[in-house]
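Sequences listed follow chains A and B, in order. Going by the numbering used here, the first sequence runs without a break in its numbering and finishes at 112. Going by the numbering used here, the second sequence runs without a break in its numbering and finishes at 108. Glycine is no exception: its CB is placed at the ideal position from the N, C-alpha and C atoms. Keep in mind the model is a prediction, meaning the values are calculated, not measured.
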Amino acid sequence: DTAVSQTPKYLVTQMGNDKSIKCEQNLGHDTMYWYKQDSKKFLKIMFSYNNKELIINETVPNRFSPKSPDKAHLNLHINSLELGDSAVYFCASSQGPGHNYGYTFGSGTRLTVV
Amino acid sequence: QKEVEQNSGPLSVPEGAIASLNCTYSDRGSQSFFWYRQYSGKSPELIMSIYSNGDKEDGRFTAQLNKASQYVSLLIRDSQPSDSATYLCAVLNYGGSQGNLIFGKGTKLSVKP
Chain A
-1 DTAVSQTPKY
9 LVTQMGNDKS
19 IKCEQNLGHD
29 TMYWYKQDSK
39 KFLKIMFSYN
49 NKELIINETV
59 PNRFSPKSPD
69 KAHLNLHINS
79 LELGDSAVYF
89 CASSQGPGHN
99 YGYTFGSGTR
109 LTVV
Chain B
-4 QKEVEQNSGP
6 LSVPEGAIAS
16 LNCTYSDRGS
26 QSFFWYRQYS
36 GKSPELIMSI
46 YSNGDKEDGR
56 FTAQLNKASQ
66 YVSLLIRDSQ
76 PSDSATYLCA
86 VLNYGGSQGN
96 LIFGKGTKLS
106 VKP
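Right, here's the structure in full:
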């Protein structure tokens, strides 16, 4: 049973399109995150939700809009996709925002914008 | 800007040797530290966490923390080719009700048979 699942795994789309990535966790965690990993493998926080409430919103273009319908789900919608958005997007969850047990990551969504 | 620094490598060690991976962090108030392993094309996987100064051992892995020097390391004993991966150091950035892991850029480890 997958703990943190993301769909789709791969996404290839043209510039200017709008796309969404979905994430679900069955760990009972309160906090979920979106991270972006660029071509140099650098993982950077984008957003964090705690119990459906947005608590971290890093310097991300407002073309990116997260949404958490409940604490087990966190989706990411991207408008007007650009070449520079190509990356792997990871969803993760933890028991709480300051929790010491680390994060559980989903398998990632590889987004390629052409 | 809170930062986590790692040598990007690649670090190449022969099979059976000890691999030593190092990490420094900028925020002196940091309390929680993690090592993740990431195989190519896969997601990061938590392998060790450490919160107190000193050593913490788990099987072939030993994490070391020195808060005075703002330094974390990971030792892998009896390295195996299956240990070949990128190792990410992460530091918990927590204040008020907000928290997130800040990652280093990772060290790529290659274990040669």
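Hey, does Leu109/A have any beta-carbon neighbour from chain B nearer than 8 Å? no
Separation of Gln12/A from Ser68/B, as counted between CA atoms: Straight-line Cα distance between these residues: approximately 42 Å.
Distance, Pro108/B Cα to Val58/A Cα: For Val58/A and Pro108/B, the distance between alpha carbons rounds to 43 Å.
With 16 other Cβ atoms within 10 Å as the buried cut-off, status of Val2/A: buried
Using 8 Å as the limit for Cβ to Cβ distance, is Gly101/B near chain A? yes
Distance, Met43/B Cα to Leu25/A Cα: 20 Å
Quick one: does Asn2/B have its CB under 8 Å from some CB of chain A? no
Note down, one range per segment and in chain order, each beta strand (DSSP E) of at least 3 residues found wholly within the stretch 4 to 74 of chain B. 6 to 9, 14 to 20, 28 to 33, 40 to 45, 49 to 53, 56 to 61 and 66 to 71
Could you check the C-alpha separation between Pro9/B and Val106/B for me, to the nearest Å? Computed Cα separation, rounded: 5 Å.
To which residues does DSSP link Arg113/A through a beta bridge? The question about residue 113/A has no answer here: the residues shown for chain A are numbered -1 through 112.
Across the stretch 40 to 58 of chain A and the stretch -2 to 12 of chain B, are there enough close Cβ pairs to call them in contact, namely three or more that are closer than 8 Å? no
For Asn95/B, go through chain A and note every residue whose CB falls closer than 7 Å to its CB, in chain order. Tyr31, Ile43, Ser46 and Ile54
Note down, in chain order, every chain A residue with its Cβ under 8 Å from the Cβ of Tyr89/B. Pro95 and Gly96
Pick helix, strand or coil for Ser116/B, following the three-state DSSP scheme. Residue 116/B lies beyond the stretch modelled for chain B, which goes from -4 to 108, so this question has no answer here.
Coil, strand or helix - Leu160/A by DSSP: Coverage of chain A is limited to positions -1 through 112, which leaves residue 160/A absent and any answer about it impossible.
Which chain A residues are close to Thr57/B, counting only those with a beta carbon under 8 Å from its beta carbon? Residues of chain A passing the Cβ test: none, with the nearest at roughly 17 Å.
For Leu109/A versus Asp83/A, is the C-beta distance shorter than 8 Å? yes
Contact under 8 Å by Cβ, Gln(-4)/B with Arg23/B: no
Is the CB of Phe103/A under 8 Å away from at least one CB in chain B? yes
Mapping the DSSP letters down to three states, classify Thr29/A as helix, strand or coil. strand
Which residues, in order along the stretch 67 to 86 of chain B, keep a beta-carbon less than 8 Å from a beta-carbon of chain A? If you check each beta-carbon in the stretch 67 to 86 of chain B against every beta-carbon of chain A, the ones closer than 8 Å belong to Thr81, Leu83 and Ala85.
For Val86/B, I'd like the list of residues in its chain whose CB is within less than 6 Å of its CB, leaving aside the five on either flank, ordered along the chain. Within its own chain, the residues whose Cβ lies closer than 6 Å to the Cβ of Val86/B, once the five positions on either side in sequence are excluded, are Val(-1), Tyr20, Ser25, Phe28 and Ile97, listed in chain order.
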